[in-house]
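Notes for the one structure printed next.
See the structure below:
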């Protein structure tokens with residue numbers, strides 16, 4: 001089966017610019033996650049969708065980050081304006097549902113460098 | 001949230017068993033223990049999960065203590081390709097949905 005697709009793979013922008021990342025989850029997966037992974041740290045959950053509804057965005061910096069999941073399938077994560085500390089790998093993951101026994105599948109991530 | 005504690009790094013000789021410990025002393029009765037690994041420049045990869053009983057699949061074995069306060073991931077015959085950061089995660093129930101919260105993990109170095 002096809003995995004979680006993310007694009008772009010790499011992105012370099014200047015601070016105060018805007019950027020958007022795209023994620024296509026595994027077909028049929030109801031739950032979609034966006035994580036931020038700063039170098040040397042574990043992934044940090046930014047936002048979690050169940051179908052097209054947000055179930056957790058408690059760690060999303062809402063003054064500059066936004067995310068949407070139209071029609072409960074693809075998702076985009078946007079940063080506007082970017083700061084130097086936003087340099088990280090942004091990972092998208094999906095799972096069939098949100099039950100305790102459901103594994104999450106991760107994409108390759110988008111490496112963002114803010115200069 | 002149930003926290004997990006892992007050693008920051010471990011070495012293992014190629015061909016030997018790698019035993020990666022995880023402490024989760026505040027785990028609740030209905031929370032699963034999951035293990036993921038992350039090879040350099042890739043997204044995390046699911047390995048195995050369990051609730052109470054020991055589990056085994058083609059990648060690894062998971063041993064959970066009877067009191068469920070700790071677990072051990074076993075890679076029976078480590079290869080160089082097993083060099084990665086291994087994350088032990090407790091699936092947390094919150095408001096009817098599950099969160100997948102990562103810690104800092106254990107960096108496993110398999111040595112030739």
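Residue numbers (the numbering used here), protein chains in the order written: chain F, 1 to 115; chain Z, 1 to 112. Where is the CB? At the ideal position from N, CA and C, for every residue including glycine. Given the structure is predicted, the values throughout are model-derived calculations rather than measurements.
Near-chain Z residues of the region 99-113 of chain F (beta-carbon distance less than 9 Å), N- to C-terminal order: Hits within the stretch, in order: 99, 100, 101, 102, 103, 104, 105, 106, 107, 108, 109 and 111.
Counted within 10 angstroms of its Cβ, other Cβ atoms place residue 144/F as buried (16 or more) or exposed: Because chain F is modelled from 1 through 115, residue 144/F falls outside the range shown and cannot be assessed.
Cα-Cα separation, residue 14/Z to residue 70/F: As a first step, residue 14/Z is located in the second chain; it is residue number 14 there, counting from the start. As a first step, residue 70/F is located in the first chain; it is residue number 70 there, counting from the start. Roughly 47 Å separates the two Cα atoms.
Residue 40/F, buried or exposed, once every other Cβ within 10 Å from all chains shown has been counted against 16: The residue labelled residue 40/F in the question sits at position 40 within the first chain. Here residue 40/F is exposed. Its C-beta has fewer than 16 other C-beta atoms within 10 Å.
Nearest neighbour of residue 11/F, chosen from 22/F, 43/F and 65/F [CA to CA]: Start at 1 with the first residue of the first chain, and residue 11/F comes out as number 11. Ranking the options by Cα distance to residue 11/F, first place goes to 22/F.
Test item: CB-CB of residue 151/Z and residue 61/Z under 8 Å: In the structure displayed, chain Z extends from 1 to 112; residue 151/Z sits before or after that span and is not available.
Cα-Cα separation, residue 86/Z to residue 2/F: Position 86 of the second chain, counted from the first residue, corresponds to residue 86/Z. Position 2 of the first chain, counted from the first residue, corresponds to residue 2/F. Approximately 24 Å between the Cα atoms of the pair.
Cβ contact (3+ pairs, closer than 8 Å) linking the region 24-32 of chain Z and the region 64-82 of chain Z: Three or more pairs of CB atoms, one per stretch, sit closer than 8 Å, so the region 24-32 of chain Z contacts the region 64-82 of chain Z.
Burial state of residue 108/Z (16 or more Cβ within 10 Å): In the second chain, counting from the first residue as 1, residue 108/Z sits at position 108. The residue is buried, with at least 16 neighbouring Cβ atoms inside 10 Å.
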